[in-house]
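A short worksheet on the structure shown next.
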Amino acid sequence: MDIMNFSKANCKNCYKCVRSCPVKAIRYSDNQAKIVPERCIYCGICIAVCPQNARHLKSDLEVVLEKIAGGQEVVALLAPSFAGFFDHHDGFITALRMLGFSRVLEVAHGADKVTETYRNLLETGDYPYAISTCCPSVNFLIRKYHPDMTKYLLPVVSPMIALAKAVKAEKPEVYTVFVGPCLAKKKESLEEEYQGEVDAVLTFEEIMPYLENQGVQVEHLLGSAPDVLATLSGRRYPLSGGIGEGLKDTLDREGYDVISTHGMDHVEQILMDLEQGDLDKVYIELSACHESCLNGPCIPEDCGSLYKRKQRMLHYVRRNPQGEDTLHLDKAVSLHHRHLAAEGYAWQPKEESIRQVLRNMGKTTKADELNCGACGYNSCRAKARSVLEGMSEIEMCMPYMRMKAETMNDMIFLHSPNLIFLLDRDLDIQQANPAAMRLFAPQGEALEGLPLRYIMEDEAFQEALKAGKTYCTQRIHDKNRDKVFLENLILLEDTHQVILIVSDITEEEKRRAELRAMKEETLKVAQDVINKQMRISQEIASLLGETTAETKMALNALKQVVVKEGE
1 MDIMNFSKAN CKNCYKCVRS CPVKAIRYSD NQAKIVPERC IYCGICIAVC
51 PQNARHLKSD LEVVLEKIAG GQEVVALLAP SFAGFFDHHD GFITALRMLG
101 FSRVLEVAHG ADKVTETYRN LLETGDYPYA ISTCCPSVNF LIRKYHPDMT
151 KYLLPVVSPM IALAKAVKAE KPEVYTVFVG PCLAKKKESL EEEYQGEVDA
201 VLTFEEIMPY LENQGVQVEH LLGSAPDVLA TLSGRRYPLS GGIGEGLKDT
251 LDREGYDVIS THGMDHVEQI LMDLEQGDLD KVYIELSACH ESCLNGPCIP
301 EDCGSLYKRK QRMLHYVRRN PQGEDTLHLD KAVSLHHRHL AAEGYAWQPK
351 EESIRQVLRN MGKTTKADEL NCGACGYNSC RAKARSVLEG MSEIEMCMPY
401 MRMKAETMND MIFLHSPNLI FLLDRDLDIQ QANPAAMRLF APQGEALEGL
451 PLRYIMEDEA FQEALKAGKT YCTQRIHDKN RDKVFLENLI LLEDTHQVIL
501 IVSDITEEEK RRAELRAMKE ETLKVAQDVI NKQMRISQEI ASLLGETTAE
551 TKMALNALKQ VVVKEGE
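The UniProt record's numbering numbers the first residue of the sequence shown as 1 and each following residue consecutively.
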């Protein structure tokens, strides 16, 4: 199931999501970023860093509200980190009850059971390397990208699953809802082996806007405590190194060194060290998020700085009333879970294929491989491989696109028949193309730095710039060269530079003059023909008039003869 992706409307092709993704699980094609679920570890970093907020997250909120409205018993499994996000954390518990949750339980209870199971496993001596499995993103990372390391993952479920199992064992019909800052928990709850344990996952980012829309202000509510108080050990889980603190006696006794690290860069580094066998017997506590769960991708807005959250959490751990481990699991309920390697990405492109992509990007030598990372990939070779895998496009390479644009610009500048000048705001020449040099500096004289007025009239341009115009055109006749030029001046406001494009339209003007003369001659000939036709018509009319009169006279004479004969 696709629990998160990017919306099409808002993606602006900045590649920030690709750069931030630790496993490069984002495909970019047709100007759109898209998460590839098979590769994703659901850390949520890409969603958190998107400057356009172009994201779509699957939300269970409506389903949860429907279950509550339908009268079903709905239990909130509250992440231990919740206390770090609110000055009035017990007010948030009251808010959950106002939403309709019948009980609010701290996942710290599940953490206690996980700690107990870890302890039993570590005491067996079977693990030279032991990796905690509370962070689902780390689990996905190791299973998908470091499959040989899965044997060091402690075969135990996460605290969320542990608590859900306990609740379901007691009352199978209860609807369980995890509430926390973690996006990966949504994916974890949907894993086939955990089906039916956690029915829904809500993030703080989902719940808080709904509470605000309902007029619920957490800071103004009368506080309440969870239904059962958690232990100190379980509450430490959201803090970096907090899991190991609960195992300290066992780790010391079994001779384990303890390394706690957080943030994907550091997690990847320690996994590489493990793969190379650089570490001795060690217990490793890993978290994908920097400073662990207190810096999850779906935290509430305006919850303070990371260090403020950490201080709130420390105060909660130290000062709030603590309970005992009262979570009882049926003996038939097992928290053991073997984390198996997922289907990997073993395909390796041929070296020649990589080199061909590099050549297509204009990288023919090692020096051309800048490894700038602007495209989102750490090296040009990684970028080339992603192109072959269909995960990215060549056009994402910024140096390549710049080179392509500059090459096109250079071709136009160098080979244009038009005269092109690059000027400053004072109309001093900064650069001139070869066509301009051939006309104005045939002997190779330097034009750079000369005022434009030294080679052509610039009064109209000066006036245009003073008037704030960004475009000016004029036609001039250069009597010295007997040429006619069309001059177009363009102001580049962003760079405060001016482009002058001068077109030699002498031949066009000659053709225009010839055409004009031809038209005038044609009109003259036409007028002469008309005049001649008028003259001929008049002559014909005159002749017709004379013959008509003579005919009339003849007919009248004939008439008189006939009349006289009749008498």
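Virtual Cβ for every residue (Gly too), placed ideally from N, Cα, C.
Anticipated Cβ contact below 8 Å, residue i with residue j, distance rounded
{"i": "Y15", "j": "C397", "result": "Wrong, their Cβ atoms sit about 10 Å apart, outside the cutoff."}
{"i": "A108", "j": "G246", "result": "About 11 Å; that fails the 8 Å criterion."}
{"i": "G244", "j": "Y283", "result": "6 Å"}
{"i": "T473", "j": "N488", "result": "5 Å"}
{"i": "I184", "j": "C43", "result": "Here the sequence assigns Ala to residue 184, which means Ile is not the residue at that position. Contact holds; Cβ gap of about 7 Å."}
{"i": "G84", "j": "P238", "result": "7 Å"}
{"i": "E197", "j": "K165", "result": "6 Å"}
{"i": "H88", "j": "Y316", "result": "So it is not a contact: roughly 12 Å between Cβ atoms."}
{"i": "M149", "j": "L306", "result": "Not quite, the Cβ-Cβ distance comes to about 28 Å (not below 8 Å), so this is no contact."}
{"i": "K24", "j": "M437", "result": "Actually they are not in contact, since the Cβ atoms of K24 and M437 sit about 48 Å apart, beyond 8 Å."}
{"i": "R119", "j": "T250", "result": "5 Å"}
{"i": "V498", "j": "R425", "result": "7 Å"}
Span separating the alpha-carbon of residue i from that of residue j
{"i": "I412", "j": "V357", "result": "27 Å"}
{"i": "K168", "j": "R385", "result": "47 Å"}
{"i": "P80", "j": "R236", "result": "8 Å"}
{"i": "C11", "j": "P300", "result": "23 Å"}
{"i": "I142", "j": "L491", "result": "56 Å"}
{"i": "E457", "j": "H496", "result": "21 Å"}
{"i": "I26", "j": "C17", "result": "8 Å"}
{"i": "H220", "j": "S59", "result": "27 Å"}
{"i": "F92", "j": "K151", "result": "39 Å"}
{"i": "I45", "j": "S260", "result": "20 Å"}
{"i": "Y129", "j": "M264", "result": "19 Å"}
{"i": "C298", "j": "G277", "result": "36 Å"}
{"i": "A467", "j": "N433", "result": "28 Å"}
{"i": "G545", "j": "K559", "result": "21 Å"}
{"i": "E389", "j": "Y28", "result": "11 Å"}
{"i": "D410", "j": "I394", "result": "21 Å"}
{"i": "L279", "j": "V174", "result": "45 Å"}
{"i": "S542", "j": "D482", "result": "56 Å"}
{"i": "K383", "j": "H290", "result": "26 Å"}
{"i": "S137", "j": "K366", "result": "35 Å"}
{"i": "N371", "j": "N378", "result": "6 Å"}
{"i": "V387", "j": "K404", "result": "18 Å"}
{"i": "R222", "j": "L271", "result": "The amino acid occupying residue 222 in the given sequence is Leu; Arg does not appear at that position. One C-alpha to the other measures close to 46 Å."}
{"i": "V228", "j": "R312", "result": "20 Å"}
{"i": "Q538", "j": "V525", "result": "20 Å"}
{"i": "S158", "j": "Q32", "result": "35 Å"}
{"i": "L465", "j": "K532", "result": "58 Å"}
{"i": "S416", "j": "A435", "result": "7 Å"}
{"i": "F140", "j": "Y471", "result": "58 Å"}
{"i": "S353", "j": "P37", "result": "26 Å"}
Whether residue i touches residue j by CB criterion (9 Å)
{"i": "Y256", "j": "L121", "result": "no"}
{"i": "V74", "j": "S102", "result": "yes"}
{"i": "L294", "j": "R309", "result": "yes"}
{"i": "V177", "j": "L202", "result": "yes"}
{"i": "H337", "j": "E193", "result": "yes"}
{"i": "E188", "j": "L57", "result": "no"}
{"i": "T133", "j": "L163", "result": "no"}
{"i": "I420", "j": "L450", "result": "no"}
{"i": "M4", "j": "I41", "result": "no"}
{"i": "R39", "j": "I47", "result": "no"}
{"i": "T124", "j": "S224", "result": "no"}
{"i": "I207", "j": "L99", "result": "yes"}
{"i": "L452", "j": "L427", "result": "yes"}
Three-state secondary structure (DSSP) of residue i
{"i": "N378", "result": "coil"}
{"i": "L122", "result": "helix"}
{"i": "V198", "result": "coil"}
{"i": "I540", "result": "helix"}
{"i": "D60", "result": "coil"}
{"i": "R535", "result": "helix"}
{"i": "M456", "result": "coil"}
{"i": "V561", "result": "helix"}
{"i": "C40", "result": "coil"}
{"i": "K12", "result": "coil"}
{"i": "R318", "result": "helix"}
{"i": "G91", "result": "helix"}
{"i": "D273", "result": "helix"}
{"i": "L247", "result": "coil"}
{"i": "M4", "result": "strand"}
{"i": "I178", "result": "Here residue 178 is Phe; the residue named in the question, Ile, does not match the sequence. The answer is strand: DSSP assigns F178 an E or B state."}
{"i": "F82", "result": "helix"}
Residue-level contact to chain B via CB, residue i, 9 Å cutoff
{"i": "N13", "result": "Of the protein chains in the structure, only one exists, and it is not chain B."}
### Query
Residue ranges of each beta strand (DSSP E) run of no fewer than 3 residues wholly in the segment 97 to 155, ordered along the chain?
103 to 106, 129 to 131
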